[in-house]
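Working notes, beginning with the structure itself.
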Amino acid sequence: MDPRCRLAGLFVLIFAYSFVSDFRLLGAILAFTLMLFFMSGLPIRFILQKLKLPSIIILVLVLILPFVSGQNILLDLGFISLKQEGLHAAGLIAARFLCIIITVMIVLHTAPLLTHVKAMRAMGLPWIMADMALLTGRYLEVLGSDLKRMQIAMRLRGLNASRPGLYMLRTRAWLCGSLLVRGLERADWVYRAMRLRGYGQSMAAPCEYRVTALDMAVLAASVLTAGTFTGLEIWFGL
Amino acid sequence: MHIPDGILPVPVTLGGYAVCAAAVFFCLHRINKRPDPAADIPKAALLTAAFFVASLIHIPIPPASVHLVLSGLLGVLLGFFAIPAILIGLFFQAAMFGHGGLTTLGINWVIIGFPAMAAHYIFRFGLRGRQGPKQTATFAFLAGSLAIMLSVLFFSLLLVTAVPADLGAAVEKTAMLVLIVAHVPLALIEGVITAMTATFLLRVSPRVLHGV
Chain A
1 MDPRCRLAGL FVLIFAYSFV SDFRLLGAIL AFTLMLFFMS GLPIRFILQK LKLPSIIILV
61 LVLILPFVSG QNILLDLGFI SLKQEGLHAA GLIAARFLCI IITVMIVLHT APLLTHVKAM
121 RAMGLPWIMA DMALLTGRYL EVLGSDLKRM QIAMRLRGLN ASRPGLYMLR TRAWLCGSLL
181 VRGLERADWV YRAMRLRGYG QSMAAPCEYR VTALDMAVLA ASVLTAGTFT GLEIWFGL
Chain B
1001 MHIPDGILPV PVTLGGYAVC AAAVFFCLHR INKRPDPAAD IPKAALLTAA FFVASLIHIP
1061 IPPASVHLVL SGLLGVLLGF FAIPAILIGL FFQAAMFGHG GLTTLGINWV IIGFPAMAAH
1121 YIFRFGLRGR QGPKQTATFA FLAGSLAIML SVLFFSLLLV TAVPADLGAA VEKTAMLVLI
1181 VAHVPLALIE GVITAMTATF LLRVSPRVLH GV
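First to last, the protein sequences are chains A and B.
With the working numbering, letter number 22 in the first sequence gets 22, and the count goes up by one each step, no holes.
Just so we're on the same page, the working numbering is the position in the second sequence counted from 1, plus 1000.
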């Protein structure tokens, strides 16, 4: 599928999700997201793994809000009380978060990330941003393996990674500094190699994407779904 | 210090995108004015990748551990390139790890980007041509720790005021205070790491410290 249509559809959908605040619509967006998830064929374990890190702030809010926000008490436990408005806010945040993050994963993890960066360039992203993003993406793995190698070398030379204090901070700072020096040294070679291959000449690359009828149909369906959710939210709010 | 999707209302997230777009436009305009802007892109991109990788380094604070943010150091070394670099870093974090979010990309840029630029100016105006290790360490510490404290201030202000729930003035005040105080150790650690990295670079490769 054309990655430009995927990206456009994704952004329209996630902004529509974040606009929803009516509980009846929350059920609908959850059901729609589940449908997309089952259609994508992604394993549940993959989604659960990706939810670990970003869920921390959401988890804290969902656990705290029902007890600190609102006036209508649903359950009084003496020293603490469960409130209706807080419970509503917690449900709203959790549902919107789940719908958005699952939809983002379905779209972005079913194609290489750099394909999406190229699609953004085709959609008008400034060339400086696009080139920086493509090079950053390309060299993340290279510098990541550099870091791993340096950490192994430090351990082999007797670094005690758990030792607290200035010693530990200094080794981390030097590790960070070494990574930056290596990055800049590599950048010089990369730039020379890019110049030799014609980088910086004002020849526009031809657009490598072709929009098919199916792409347009999927994009139209995304816009229509997002429009329906937004329209219903405004309707329910009147 | 990244606000995930689903918390903030649409006007706030769109406002974040508008501010971010204006800042990126301004910086790209400044970068385009250079004699050969293409020459600096590989340097900026590889330093962005190095920062992204370096932010994965753990700092053990028993019983847990923290990740470095390095926004201060990024501002110090990349200057105007820090603005697009942070946006790219945030996009990769959101897309690869689900850390932060795509609807909150603009707002998260505001939280990290403005403090990074503040760090750049603190360091450059503080040193003003003086290159001694003591001055470098002092202003790098200030840049690193103040960038984190500013980010924490923006983060807690946005989180407490824009969350879709009525918290009440007292709870908002307490929540902000708790968030700010809880991040003070991280700000100090970032300041120390920034100062030590800057003095290391001054000794080993001063041209890195001159920035892009």
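Just so it is clear, CB atoms sit at the ideal spot from N, CA and C, and this is done for glycine as well.
Contacts of residue i in chain A (Cβ-Cβ under 7 Å)
{"i": "V1208 (chain B)", "result": "L180, V181, L184"}
{"i": "I1057 (chain B)", "result": "R172, L175, C176"}
{"i": "F1200 (chain B)", "result": "A173, W174, G177"}
{"i": "T1103 (chain B)", "result": "I14, F15, S18, I100"}
Neighbouring residues, chain B, relative to residue i (Cβ below 7 Å)
{"i": "D76 (chain A)", "result": "Under the 7 Å cutoff, chain B gives no residues; its nearest Cβ is about 18 Å from D76 (chain A)."}
{"i": "G91 (chain A)", "result": "By Cβ distance, chain B contributes nothing, its closest Cβ being about 11 Å from G91 (chain A), past 7 Å."}
{"i": "Y191 (chain A)", "result": "A1039, P1042"}
{"i": "L26 (chain A)", "result": "The premise fails here: L26 (chain A) is roughly 11 Å from chain B at the closest Cβ pair, so nothing lies under 7 Å."}
{"i": "V68 (chain A)", "result": "L1167, V1171"}
{"i": "M128 (chain A)", "result": "Note that residue 128 (chain A) is Ile in the sequence shown, not Met. Under the 7 Å cutoff, chain B gives L1028, I1031, P1037, I1041, P1084."}
Alpha-carbon spacing of residue i relative to residue j, whole angstroms
{"i": "F46 (chain A)", "j": "G1098 (chain B)", "result": "12 Å"}
{"i": "P1185 (chain B)", "j": "A1143 (chain B)", "result": "15 Å"}
{"i": "R1130 (chain B)", "j": "A1095 (chain B)", "result": "41 Å"}
{"i": "T1174 (chain B)", "j": "G78 (chain A)", "result": "21 Å"}
{"i": "A220 (chain A)", "j": "A16 (chain A)", "result": "14 Å"}
{"i": "R1124 (chain B)", "j": "F1080 (chain B)", "result": "12 Å"}
{"i": "V190 (chain A)", "j": "M120 (chain A)", "result": "23 Å"}
{"i": "G1 (chain A)", "j": "N1108 (chain B)", "result": "For clarity, residue 1 (chain A) is Met in the given sequence; the question names Gly instead. If I take the Cα positions, the gap works out to 30 Å."}
{"i": "Q1135 (chain B)", "j": "M168 (chain A)", "result": "23 Å"}
{"i": "I29 (chain A)", "j": "L98 (chain A)", "result": "10 Å"}
{"i": "F1025 (chain B)", "j": "A90 (chain A)", "result": "36 Å"}
{"i": "L1177 (chain B)", "j": "S1151 (chain B)", "result": "14 Å"}
{"i": "M123 (chain A)", "j": "R6 (chain A)", "result": "12 Å"}
{"i": "T230 (chain A)", "j": "Q71 (chain A)", "result": "29 Å"}
{"i": "S81 (chain A)", "j": "I93 (chain A)", "result": "20 Å"}
{"i": "L1028 (chain B)", "j": "I1111 (chain B)", "result": "20 Å"}
{"i": "V117 (chain A)", "j": "E208 (chain A)", "result": "13 Å"}
{"i": "E185 (chain A)", "j": "R1034 (chain B)", "result": "21 Å"}
{"i": "M23 (chain A)", "j": "T212 (chain A)", "result": "According to the sequence provided, residue 23 (chain A) is Phe. The question's Met does not apply to it. Straight-line Cα distance between these residues: approximately 37 Å."}
{"i": "V12 (chain A)", "j": "S222 (chain A)", "result": "7 Å"}
{"i": "I1059 (chain B)", "j": "P1042 (chain B)", "result": "29 Å"}
{"i": "L224 (chain A)", "j": "L36 (chain A)", "result": "15 Å"}
{"i": "P1011 (chain B)", "j": "L1179 (chain B)", "result": "24 Å"}
{"i": "F38 (chain A)", "j": "H109 (chain A)", "result": "14 Å"}
{"i": "L166 (chain A)", "j": "F1155 (chain B)", "result": "28 Å"}
{"i": "L74 (chain A)", "j": "V68 (chain A)", "result": "13 Å"}
{"i": "V60 (chain A)", "j": "L214 (chain A)", "result": "42 Å"}
Per-residue contacts from residue i into chain A (C-beta, under 8 Å)
{"i": "M1176 (chain B)", "result": "The premise fails here: M1176 (chain B) is roughly 13 Å from chain A at the closest Cβ pair, so nothing lies under 8 Å."}
{"i": "S1156 (chain B)", "result": "Within 8 Å Cβ-Cβ: nothing; S1156 (chain B) doesn't reach chain A, min ~12 Å."}
Segment limits, alpha helix (DSSP H) that includes residue i
{"i": "D1040 (chain B)", "result": "1037-1054"}
{"i": "D146 (chain A)", "result": "127-156"}
{"i": "D188 (chain A)", "result": "166-196"}
{"i": "N1108 (chain B)", "result": "1105-1127"}
{"i": "K1173 (chain B)", "result": "1169-1204"}
{"i": "I1086 (chain B)", "result": "1082-1092"}
{"i": "T225 (chain A)", "result": "213-237"}
{"i": "H1002 (chain B)", "result": "Here H1002 (chain B) belongs to no alpha helix (DSSP H), and DSSP marks it neither H nor E."}
{"i": "Q49 (chain A)", "result": "44-51"}
{"i": "L13 (chain A)", "result": "3-19"}
Delimiting residues of the beta strand (DSSP E) encompassing residue i
{"i": "K1134 (chain B)", "result": "K1134 (chain B) -> not in any beta strand (DSSP E); alpha helix (DSSP H) instead, spanning 1133-1162."}
{"i": "D76 (chain A)", "result": "73-76"}
{"i": "F82 (chain A)", "result": "The question names Phe, but residue 82 (chain A) is Leu in the sequence shown. Note, L82 (chain A): beta strand (DSSP E), 81-83."}
Partner residues on chain B for residue i, Cβ-Cβ distance less than 9 Å
{"i": "D131 (chain A)", "result": "A1038, I1041, P1042, A1045"}
{"i": "E85 (chain A)", "result": "A1165, D1166"}
{"i": "S21 (chain A)", "result": "P1009, P1164"}
{"i": "F32 (chain A)", "result": "Result: empty, since nearest Cβ-Cβ is about 15 Å, beyond 9 Å."}
{"i": "V60 (chain A)", "result": "Going along chain B, no residue has its Cβ under 9 Å from V60 (chain A), so there is no contact; the nearest lies around 10 Å."}
{"i": "L135 (chain A)", "result": "I1041, P1042, A1044, A1045, L1046, T1048, A1049"}
Contact list for residue i against chain B, beta-carbon separation under 8 Å
{"i": "L140 (chain A)", "result": "A1049, F1052, V1053, F1092"}
Whole-Å CB distance - residue i paired with residue j, under 8 Å assumed
{"i": "I1086 (chain B)", "j": "A1116 (chain B)", "result": "6 Å"}
{"i": "A1045 (chain B)", "j": "M194 (chain A)", "result": "11 Å between Cβ atoms; not a contact."}
{"i": "L1201 (chain B)", "j": "L180 (chain A)", "result": "7 Å"}
{"i": "A173 (chain A)", "j": "M1196 (chain B)", "result": "3 Å"}
{"i": "F1139 (chain B)", "j": "I1122 (chain B)", "result": "6 Å"}
{"i": "G86 (chain A)", "j": "P66 (chain A)", "result": "4 Å"}
{"i": "V1171 (chain B)", "j": "L143 (chain A)", "result": "Actually they are not in contact, since the Cβ atoms of V1171 (chain B) and L143 (chain A) sit about 43 Å apart, beyond 8 Å."}
{"i": "D1005 (chain B)", "j": "S18 (chain A)", "result": "7 Å"}
{"i": "L159 (chain A)", "j": "T171 (chain A)", "result": "6 Å"}
{"i": "A946 (chain B)", "j": "H1120 (chain B)", "result": "Outside the modelled stretch of chain B, which goes from 1001 to 1212, sits residue 946 (chain B), for which no answer is possible."}
{"i": "T1103 (chain B)", "j": "I14 (chain A)", "result": "5 Å"}
{"i": "L1051 (chain B)", "j": "L1074 (chain B)", "result": "One point to set straight first is that residue 1051 (chain B) is Phe, not Leu, in the sequence displayed. Yes, they are in contact, since the Cβ atoms of F1051 (chain B) and L1074 (chain B) sit about 5 Å apart, within 8 Å."}
{"i": "P1084 (chain B)", "j": "I128 (chain A)", "result": "6 Å"}
Contact list for residue i against chain A, beta-carbon separation under 9 Å
{"i": "M1196 (chain B)", "result": "L166, L169, R170, R172, A173, W174, C176, G177"}
{"i": "T1013 (chain B)", "result": "F15, S18"}
{"i": "S1205 (chain B)", "result": "G177, L180, V181, L184, E185"}
The segment 1155-1168 of chain B touching the segment 129-147 of chain A, judged by at least three CB pairs closer than 8 Å: no
Just checking, does the segment 1008-1023 of chain B make contact with the segment 1065-1078 of chain B on the three C-beta pairs under 8 Å criterion? no
Below 8 Å, can you find three or more Cβ-Cβ pairs linking the segment 1194-1212 of chain B to the segment 94-106 of chain A? no
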